[in-house]
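Notes follow once the structure below has been shown.
Protein chains: 2
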Amino acid sequence: MYREANGTVATRYPFTGDFLASRLRDRYSKADLDAIEALVDEEMHLPERATLGTQGDDTPSFAAIIVEGFMFRITRRDGRRFIVSIHVPGEIMNLQGFAFDRIDHEMQAAGKVRLGRIPFDRLERTLAERHAVAGALWSGTLLDAALHRKWIQVAAQLDAPQRIAHIYCELHERLGFIGQAGPRVLRAPFTQTDLADMCGVSAVHANRAVARLREFELAEIRRGTLYTQDWDSLRRYAEFDPAYLQAFHSANA
Amino acid sequence: MYREANGTVATRYPFTGDFLASRLRDRYSKADLDAIEALVDEEMHLPERATLGTQGDDTPSFAAIIVEGFMFRITRRDGRRFIVSIHVPGEIMNLQGFAFDRIDHEMQAAGKVRLGRIPFDRLERTLAERHAVAGALWSGTLLDAALHRKWIQVAAQLDAPQRIAHIYCELHERLGFIGQAGPRVLRAPFTQTDLADMCGVSAVHANRAVARLREFELAEIRRGTLYTQDWDSLRRYAEFDPAYLQAFHSANA
DNA sequence: GGGCATTCTTAACATTGGATAATTGCGGCA
DNA sequence: TGCCGCAATTATCCAATGTTAAGAATGCCC
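First to last, the sequence lines map onto chains A and B. Everything in the first sequence is counted per my numbering, starting at 1 for the first residue and increasing by one. Everything in the second sequence is counted per my numbering, starting at 254 for the first residue and increasing by one.
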């Protein structure tokens, strides 16, 4: 077991500090944590909208941990983009590319993104040696799946304004886990077109949805950044119940 | 590496034969395969509609591999059920319960189901000893996530008849992996209410959707069983592209 | 600082997916 | 044989969303 103040973690684990903050810090040995940090090869910078892993072929031969910024997983349907998931600092992208030789989606930077590059060979070696690290990454995938399940339900059952509200509530909660949730503001570099592509609706309709949240005085969304006085009301409106994220807090393994 | 005719596999691996058939058989040592089969404790039988793991507490202290039948993952929204995913023989349920101390969903048997019970302690021991088995289960979770992503997209972008068609196309493909896909018939014990709860629509509307598939002469669905002359047309109608399942065939690890 | 490109906003109108309710038909099971 | 749950059908109504178009704000680049 290992624990220290957050500032220290940030310097000792410049790439994986957020990953550790979210759920692992208390649960793994210092050697494991160091091994996780040592997975990272070098820092990468993605410009706004850059994509990784053109669908099918051309899968990057590395995974990547998000150090700063937001990334999307996207698919395309006759050219038009659909955003399947959103990822925040501390999360690892492209583990699917590691396990399989093709991936079912592309990855795209929303805004500028800083990544820690994790080469597959290094990852493979560490996983073989460190059972606990493998468990940590596996539980990341399990969480991914839990988020996806919620999104399925949200997409099938809520209307556009609720969906957008739900997305922000979820992000707020997830950013909270890494100590990056402000009390009244959630800064994100999303355009309304991004919001539309998350919901599978037209950009005009996404605008209407945003307008409705404003009209209801639940939230003001400007250039992707959400301002609210009252997260509770917003959560109630979105029918947001963070239970599905509780796994973040409570690992068995 | 290990390979033998399917009949033999069935007797040697009565619980995990389908799991192995799907993607692992060529990739793992005989010792690993035996270890996987040895995960199973005893056989369990679930009656129609039985549920496991009441949301939140009461998580079963075992995982379970489906030997025969179909299972749902479900969530509830003020009492009403929503089906988040469907599982077929060879798939392992409740790995989330193993990794975390709560799960975000319940599991429900559609029709009668035969399961192989996998106690957590046994699972934990095997994973610690056998790196390759851990990898196998992890890739199962990655696949789960890939299926979920497709469902998100389907829920957000397709209408009810297409969604139902897509569900059956996907099931047909998945059953194919374990040698259980008939050329013209897909037998499943789903009611129209089940279909409705998969799509997030009313039962009446699910009925309309089924009627439309019939009217278009794409498929006839009676008591959950689908009959079709022409899977290709059905796939085109559902915009079904099996690429997202290709991971089943092509593991790196 | 000016101008261009993107993003956002608003409006009007068409479409349709889906809810609800009420009724009939069917088939399995006791 | 008769019941009962499920499936199928029909009709009406409404909210959610798509489309198109045009103008306003914003931010970026030179």
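Note that the Cβ used here is the ideal one computed from N, Cα and C, for glycine as well.
Proximity to residue i [Cα-Cα], best of the options
i: A:D230; options: A:E217, A:A110, A:R222 and A:F240; result: A:E217
i: A:A99; options: B:L292, B:A385 and B:P313; result: B:A385
i: A:E91; options: A:Q157, A:D78 and A:A21; result: A:A21
i: B:Q406; options: A:H45, A:H205, A:A196 and A:P119; result: A:A196
i: B:A496; options: B:A441, B:C422 and B:V438; result: B:C422
i: B:A500; options: A:H105, A:A155 and A:T16; result: A:H105
i: A:I86; options: A:D144, A:D101, A:A203 and A:A64; result: A:D144
i: A:N94; options: A:R27, A:T75 and A:I118; result: A:I118
i: B:P414; options: B:L368, B:T264 and B:I474; result: B:I474
i: B:F335; options: B:M451, B:V293, B:I420 and B:F430; result: B:M451
i: A:L245; options: A:M107, A:G53, A:D101 and A:F177; result: A:F177
i: A:F15; options: A:M44, A:R102 and A:H205; result: A:M44
i: A:D58; options: A:G97, A:K30 and A:Y13; result: A:G97
i: A:G254; options: A:R12, A:R102 and A:T54; result: Any property of residue 254 of chain A remains undetermined from this structure, which presents chain A solely from 1 to 253.
i: A:K30; options: A:L213, A:D18, A:L46 and A:Y13; result: A:Y13
i: A:R77; options: A:D18, A:W138, A:R208 and A:G200; result: A:G200
i: B:S392; options: A:A206, A:R102 and A:D241; result: A:R102
i: B:F272; options: B:R476, B:G432 and B:W404; result: B:G432
i: B:L439; options: B:R476, B:A456, B:D294 and B:N460; result: B:R476
i: A:M107; options: A:V204, A:E42 and A:L46; result: A:L46
i: B:L466; options: B:V366, B:T264, B:I420 and B:W404; result: B:I420
i: A:P60; options: A:F120, A:N207, A:H205 and A:S202; result: A:F120
i: B:W404; options: B:A434, B:H458, B:D494 and B:R461; result: B:D494
Nearest-angstrom Cβ-Cβ length linking residue i and residue j, presumed shorter than 8 Å
i: B:R326; j: A:R149; result: 7 Å
i: B:R341; j: B:F323; result: Strictly speaking, residue 341 of chain B in this sequence is Val, with Arg absent from that position. Right, the Cβ-Cβ distance comes to about 6 Å (below 8 Å), so this counts as a contact.
i: A:A146; j: A:A109; result: With 8 Å as the limit, A:A146 and A:A109 do not qualify as a contact, their Cβ atoms being about 24 Å apart.
i: B:E301; j: B:G364; result: 6 Å
i: B:A525; j: B:R416; result: No answer is possible for residue 525 of chain B: the residues shown for chain B start at 254 and end at 506.
i: B:L424; j: B:E492; result: Not really, about 16 Å apart at Cβ, beyond 8 Å.
i: A:R184; j: A:Y227; result: 6 Å
i: B:L368; j: B:I318; result: 7 Å
i: B:T394; j: A:L142; result: 6 Å
i: A:E165; j: A:A219; result: Note that residue 165 of chain A corresponds to Ala in the displayed sequence, not to Glu. At roughly 7 Å, the Cβ-Cβ gap stays under 8 Å, so A:A165 and A:A219 are in contact.
i: A:L39; j: A:R122; result: 6 Å
i: B:T328; j: B:V320; result: B:T328 to B:V320, Cβ: 25 Å. No contact.
i: B:Y281; j: B:A441; result: Actually they are not in contact, since the Cβ atoms of B:Y281 and B:A441 sit about 30 Å apart, beyond 8 Å.
Sheet register partners of residue i (DSSP bridge)
i: A:P14; result: According to DSSP, which records beta bridges pairwise, A:P14 is partnered with nothing at all.
i: B:G369; result: B:E296 and B:I318
i: A:S85; result: A:R73
i: A:E220; result: A:Y227
i: A:T256; result: In the structure displayed, chain A extends from 1 to 253; residue 256 of chain A sits before or after that span and is not available.
i: A:F240; result: A:F240 pairs with nothing; no bridge assigned.
i: A:M93; result: A:A64
i: A:R80; result: A:R77
i: A:F19; result: Answer is none; A:F19 lacks a bridge partner.
Residue i CB to nearest heavy atom of the ligand NAD below 6 Å
i: B:L286; result: For the structure depicted, the ligand NAD is absent and the ligand set is empty, with no information on it obtainable.
> How about the region 434-446 of chain B and the region 487-502 of chain B: do they share at least three Cβ pairs that are nearer than 8 Å?
Replying inline: no
> Are there three or more Cβ pairs, one per stretch, closer than 8 Å when the region 379-397 of chain B is compared with the region 126-141 of chain A?
Replying inline: yes
> In chain order, which beta strand (DSSP E) runs of at least 3 residues are fully inside the region 400-446 of chain B?
Replying inline: none
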